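**Student:**
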């Protein structure tokens, strides 16, 4: 079964994409972390890694997300993702979800699908 979700934020760099999705069709009482999810996609391998949110901050036009795996700061046009322990730093551009490369979008859909979870159709 194809997962039902909407993109809230989409950021793309040279080697990674980061997206926030909102799962639709869940009960109104579903926990926040079940509804909203941040994902990091490696553009070379198309591996999708969920990002564990630690905290969120928003001040005016700037958004900040602190993940277990790193730190993301972005506005309407661009962002920076700094990996934990400053292992890597990625400059990102905010893009419309329709501009996500098709293989990336397919990887996200598969990651969120029942097939990926091993649930029979």
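In the working numbering, the protein residues as written are 3 to 123. Every residue gets a Cβ at the ideal spot worked out from N, C-alpha and C, and that includes glycine. Keep in mind it's a predicted model, so treat the numbers as computed, not measured.
List the residues that DSSP assigns as beta-bridge partners of residue 59.
**Tutor:** Here residue 59 corresponds to residue number 57 of the chain shown, with the count starting at 1. Answer is 66.
**Student:** For residue 60, is the classification buried or exposed, using 16 other Cβ atoms within 10 angstroms of its Cβ as the cut-off for buried?
**Tutor:** Looking up residue 60 in the chain shown gives position 58. The residue in question, residue 60, is exposed, as its Cβ has fewer than 16 Cβ neighbours within 10 Å.
**Student:** Is residue 43 near residue 18, with beta carbons less than 8 Å apart?
**Tutor:** As a first step, residue 43 must be located in the chain shown, where it is residue number 41. As a first step, residue 18 must be located in the chain shown, where it is residue number 16. The answer is yes: Cβ separation under 8 Å.
**Student:** The alpha helix (DSSP H) spanning residue 105 covers which residue range?
**Tutor:** Here residue 105 is taken as the residue at index 103 of the chain shown, counted from 1. Here the alpha helix (DSSP H) through residue 105 covers 104-114.
**Student:** Find out if the Cβ-Cβ distance for the pair residue 23, residue 49 is shorter than 8 Å.
**Tutor:** As a working note, residue 23 is residue 21 in the chain shown. As a working note, residue 49 is residue 47 in the chain shown. The answer is no: Cβ separation not under 8 Å.
**Student:** Could you tell me how far apart the beta carbons of residue 91 and residue 82 are, in whole angstroms, since I believe they sit closer than 8 Å?
**Tutor:** Indexing the chain shown from 1 puts residue 91 at position 89. Indexing the chain shown from 1 puts residue 82 at position 80. Between residue 82 and residue 91 the Cβ distance is about 7 Å, and since that is below 8 Å, they are a contact.
**Student:** Sorted by chain position, which residues of the same chain lie with C-beta nearer than 6 Å to residue 121's C-beta, five sequence neighbours on each side aside?
**Tutor:** The residue labelled residue 121 in the question sits at position 119 within the chain shown. Residue placement at residue 121 is poorly supported in this model, since its pLDDT is 47, which falls under 50; the coordinates still yield a value, given next. Nothing meets the Cβ criterion.
**Student:** Nearest to residue 45 by CA position, among 114, 106 and 34, is which residue?
**Tutor:** If you number the chain shown from 1, residue 45 lands on position 43. Ranking 114, 106 and 34 by Cα distance to residue 45 puts 106 first.
**Student:** In the DSSP assignment, what are the bridge partners of residue 22?
**Tutor:** Position 20 of the chain shown, counting from 1, holds the residue named residue 22. Residue 22 is bridged to 11 and 40.
**Student:** With DSSP run on the structure shown, which of helix, strand or coil describes residue 51?
**Tutor:** What you label residue 51 is simply residue 49 of the chain shown in a count that begins at 1. If DSSP states are grouped into helix, strand and coil, residue 51 belongs with the strands.
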